[in-house]
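J.: For the sequence shown, the working numbering begins at 161 and goes up steadily by one. Yeah, the Cβ is synthetic: ideal placement off N, Cα and C, and Gly gets one too.
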Amino acid sequence: MIQVRELVKQYGNKKVLDHVSFEIGKGEVLGLLGKNGAGKSTIMNIITGNLTATEGTVAVDGYDIAERPLTAKSKIGYLPELPPVYPEMSVNNYLRFVYDLKRCRLTRDNHIKEVCEQTGISEVRGRLIRNLSKGYRQRLGIAQAMIGNPDVLILDEPTVGLDPQQVVEVRELIGRLKKTHTMLLSSHILTEIQYVCDRIVVLNEGHIAADDTPENLMKYRAGTELKVRAEGKKDRIETVLSGIPGVAKVK
Numbered sequence: 161m162i163q164v165r166e167l168v169k170q171y172g173n174k175k176v177l178d179h180v181s182f183e184i185g186k187g188e189v190l191g192l193l194g195k196n197g198a199g200k201s202t203i204m205n206i207i208t209g210n211l212t213a214t215e216g217t218v219a220v221d222g223y224d225i226a227e228r229p230l231t232a233k234s235k236i237g238y239l240p241e242l243p244p245v246y247p248e249m250s251v252n253n254y255l256r257f258v259y260d261l262k263r264c265r266l267t268r269d270n271h272i273k274e275v276c277e278q279t280g281i282s283e284v285r286g287r288l289i290r291n292l293s294k295g296y297r298q299r300l301g302i303a304q305a306m307i308g309n310p311d312v313l314i315l316d317e318p319t320v321g322l323d324p325q326q327v328v329e330v331r332e333l334i335g336r337l338k339k340t341h342t343m344l345l346s347s348h349i350l351t352e353i354q355y356v357c358d359r360i361v362v363l364n365e366g367h368i369a370a371d372d373t374p375e376n377l378m379k380y381r382a383g384t385e386l387k388v389r390a391e392g393k394k395d396r397i398e399t400v401l402s403g404i405p406g407v408a409k410v411k
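Shown next, in the form of structure tokens:
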């Protein structure tokens with residue numbers, strides 16, 4: 161569904177992304193995991209067409225985001241880290257506004273009603289957005305991404321800033337949505353996304369450090385012993401491995 165090939169993003173002499181490649185299959189839920197500044201949001205902004213890559217390509221359902229941007233973007237619903245809402249609007253008017261922006265052809269009232277029911281915001285449709293809690297604003301951000309029934313949902317830090325109960329509610333919502341959507345999520349906390357993702361790509365300083373299932377990644381904790389096969393001179397290999405942050409001992 162999404163193909164990312166040799167993605168590079170450079171600002172002056174600084175490479176934010178350095179030849180990043182991965183794929184997301186149809187119906188798959190992929191998590192991007194990494195500390196702040198690892199490149200997660202940059203990747204999402206390039207996939208959604210909000211940033212251009214220095215090098216590399218991104219295709220959504222076979223459509224290159226640079227060559228066929230309108231077609232590719234029509235298949236994506238995007239929630240940035242800060243939900244793009246207008247505090248002075250009501251929930252209902254805001255969703256109608258998003259519906260018009262996306263040039264959605266579904267029956268408007270029925271579609272918005274369905275999206276509100278799916279995201280659990282039906283009871284606040286008449287309220288001003290400025291009066292909503294953080295949790296409801298996050299749900300509204302997900303709702304606007306769902307307008308138009310896009311094939312792909314891209315959610316940047318969907319649980320950031322939420323209290324524990326709100327985190328559980330949003331996690332349950334994502335669990336329901338993944339049954340009908342291909343999804344890309346990001347977080348800097350493994351436990352926030354491990355329960356809803358089929359696969360996790362770990363980013364570190366613009367590189368992919370790991371690409372595996374949540375179950376396998378959870379095995380690599382402090383104190384874990386890794387067996388590595390390497391080719392080269394023994395003393396050189398020991399020096400390189402010993403210099404990796406977090407490595408306590410090489411034998």
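Excluding the 5 residues flanking ILE302 on each side, which residues of the same chain have their C-beta closer than 6 Å to its C-beta?
T.: Closer than 6 Å at Cβ, skipping near neighbours: LEU239 and THR279.
J.: Output the distance between the C-alpha atoms of LEU401 and VAL410, rounded to the nearest integer angstrom.
T.: Cα to Cα, the separation comes out at about 7 Å.
J.: Report, in whole angstroms, the separation of the C-beta atoms of LEU377 and ILE360, which I expect to be a contact under 8 Å.
T.: Rounded, the Cβ-Cβ distance is 6 Å, consistent with contact.
J.: With a threshold of 8 Å, are at least 3 pairs of Cβ atoms found where one atom belongs to the stretch 167-183 and the other to the stretch 236-255?
T.: As far as the Cβ criterion goes, the stretch 167-183 does not touch the stretch 236-255, which means the pair count is below three.
J.: Can VAL220 and ILE162 be called in contact, C-beta distance under 8 Å?
T.: Cβ atoms of VAL220 and ILE162: closer than 8 Å.
J.: Return the bridge partner residues of ALA219 from the DSSP annotation.
T.: DSSP, once it has assigned bridges, lists GLN163 and ASP224 as partnering ALA219.
J.: Can you list, in chain order, the residues of its chain with a C-beta nearer than 6 Å to that of GLU352? Leave out the 5 residues immediately preceding and following it.
T.: THR319, listed in sequence order.
J.: Decide if ARG290 is buried, meaning its Cβ has at least 16 other Cβ atoms within 10 Å, or exposed.
T.: Label assigned to ARG290: exposed.
J.: Determine, for LEU255, whether the minimum Cβ-Cβ distance to residues of chain C falls below 8 Å.
T.: The question asks about chain C, but that chain is absent: this structure has only one protein chain.
J.: Bridge partners for TYR238 per DSSP, in chain order?
T.: The partner list for TYR238 (beta bridge, DSSP) reads ILE314.
J.: Alpha carbons only, please: which of VAL356, ASP371 and ALA408 is nearest the one belonging to GLU385?
T.: Measuring from the Cα of GLU385, the nearest candidate turns out to be ALA408.
J.: Going by C-alpha distance, which of LYS393, HIS341 and GLU274 is nearest GLY187?
T.: Ranking the options by Cα distance to GLY187, first place goes to HIS341.
J.: Excluding the 5 residues preceding and the 5 following GLY430 in the sequence, name in chain order all residues of the same chain whose CB lies nearer than 8 Å to its CB.
T.: Here the chain has residues from 161 to 411 only, and residue 430 is not among them.
J.: What is the DSSP secondary structure of ILE397, reduced to helix, strand or coil?
T.: Three-state result, ILE397: helix.
J.: Quick one: complete beta strand (DSSP E) runs, 3+ long, within the stretch 239-263?
T.: Segments of the beta strand (DSSP E) lying fully in the stretch 239-263: there are none.
J.: Given a cut-off of 8 Å, decide if ILE236 and ILE314 are closer than it, judged by their beta-carbon atoms.
T.: Yes, the Cβ-Cβ distance between ILE314 and ILE236 is below 8 Å.
J.: Would you please state the rounded distance, in angstroms, between the beta carbons of LEU192 and LYS200? I believe it to be under 8 Å.
T.: Contact flag correct, Cβ pair sits at about 5 Å.
J.: Starting from LEU350 and walking both ways along the beta strand (DSSP E), at which residues does that stretch end?
T.: Run containing LEU350: none in the beta strand (DSSP E); it sits in the alpha helix (DSSP H), 350-353.
J.: Pull the bridge partners of ARG370 from the DSSP assignment, please.
T.: In the sequence as displayed, the identity of residue 370 is Ala instead of Arg. Looking at the DSSP assignment, ALA370 forms a beta bridge with VAL362.
J.: Expressed to the nearest angstrom, what Euclidean distance is found between the alpha-carbon atoms of LEU300 and ASN210?
T.: Approximately 21 Å, taken between the alpha carbons.
J.: Hey, VAL362 and ARG331: beta-carbon distance below 8 Å or not?
T.: No, the Cβ-Cβ distance between VAL362 and ARG331 is not below 8 Å.
J.: DSSP on GLY191, reduced to helix/strand/coil?
T.: GLY191: strand per DSSP, three-state reduction.
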